[in-house]
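Counted the way UniProt numbering counts, the sequence shown spans residues 1 to 134.
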Amino acid sequence: MRSWGEPDERVETAALVVTELVANAVEHTAGRRIRCRLLRTSGRVRICVWNRGRRHVPELPGPRDPEPHGGTADGLHGSEGPGPVAFDGPHGTGDGFSLASVAEDGRGLMLVDALATRWGTRTSVSGRLVWADV
1 MRSWGEPDER VETAALVVTE LVANAVEHTA GRRIRCRLLR TSGRVRICVW NRGRRHVPEL
61 PGPRDPEPHG GTADGLHGSE GPGPVAFDGP HGTGDGFSLA SVAEDGRGLM LVDALATRWG
121 TRTSVSGRLV WADV
């Protein structure tokens with residue numbers, strides 16, 4: 001990303017997001033193959049982490065807005081996150097949710113949600129893709 005001329009702040013944010021997405025793929029996949037790809041477009045970098053094969057994944061906080069028509073042209077079903085999450089403090093007294101209500105293993109995706117401008121998932125029978133724009 002530095003060779004692309006991306007600012008240090010975006011490079012550091014991307015490093016955190018890549019770390020979280022790859023860690024989740026390692027934790028929640030039965031397969032041995034994980035791929036990470038960064039795509040550069042005007043004004044953003046899209047981080048894509050794909051893992052082949054899946055185990056049961058516990059319920060995690062994640063994208064809440066389904067894609068229109070329940071899927072995409074590539075046949076993968078997915079959803080997109082809404083952007084930053086509102087945190088309500090330690091006990092969750094407002095409209096968002098609290099860290100206390102989420103298992104420790106779900107907090108990495110909350111970090112991705114806070115750092116990325118958008119993020120989402122796409123799932124197929126062969127694996128799962130999680131992407132994030134920074």
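In this text, a Cβ means the ideal position worked out from N, Cα and C, and glycines have one as well.
For residue i, which residues from the same chain have a beta carbon less than 6 Å from its beta carbon, with the 5 sequence-adjacent residues on both sides left out?
i          : result
residue 39 : 46
Kindly list the residues whose CB is nearer than 8 Å to the CB of residue i, restricted to its own chain and excluding five residues on each side of it in sequence; keep chain order.
i          : result
residue 22 : 34, 36 and 49
residue 10 : 1, 45 and 134
Report the three-state DSSP secondary structure of residue i (helix, strand or coil).
i           : result
residue 27  : helix
residue 114 : helix
residue 127 : strand
residue 120 : strand
residue 37  : strand
Please check the pair residue i and residue j, which I expect to be a contact at CB under 8 Å, by giving their CB distance rounded to whole angstroms.
i           : j           : result
residue 129 : residue 121 : 7 Å
residue 51  : residue 15  : In fact, because the Cβ distance is near 19 Å, the residues do not count as touching under 8 Å.
Hey, how far is the Cα of residue i from the Cα of residue j?
i           : j           : result
residue 27  : residue 42  : 32 Å
residue 6   : residue 13  : 11 Å
residue 8   : residue 17  : 14 Å
residue 20  : residue 4   : 22 Å
residue 119 : residue 131 : 5 Å
residue 137 : residue 125 : The structure shown does not extend to residue 137, since the chain spans only 1 to 134, so no value can be given for it.
With burial defined as no fewer than 16 other Cβ atoms inside 10 Å of the residue's Cβ, what is the status of residue i: buried or exposed?
i           : result
residue 112 : buried
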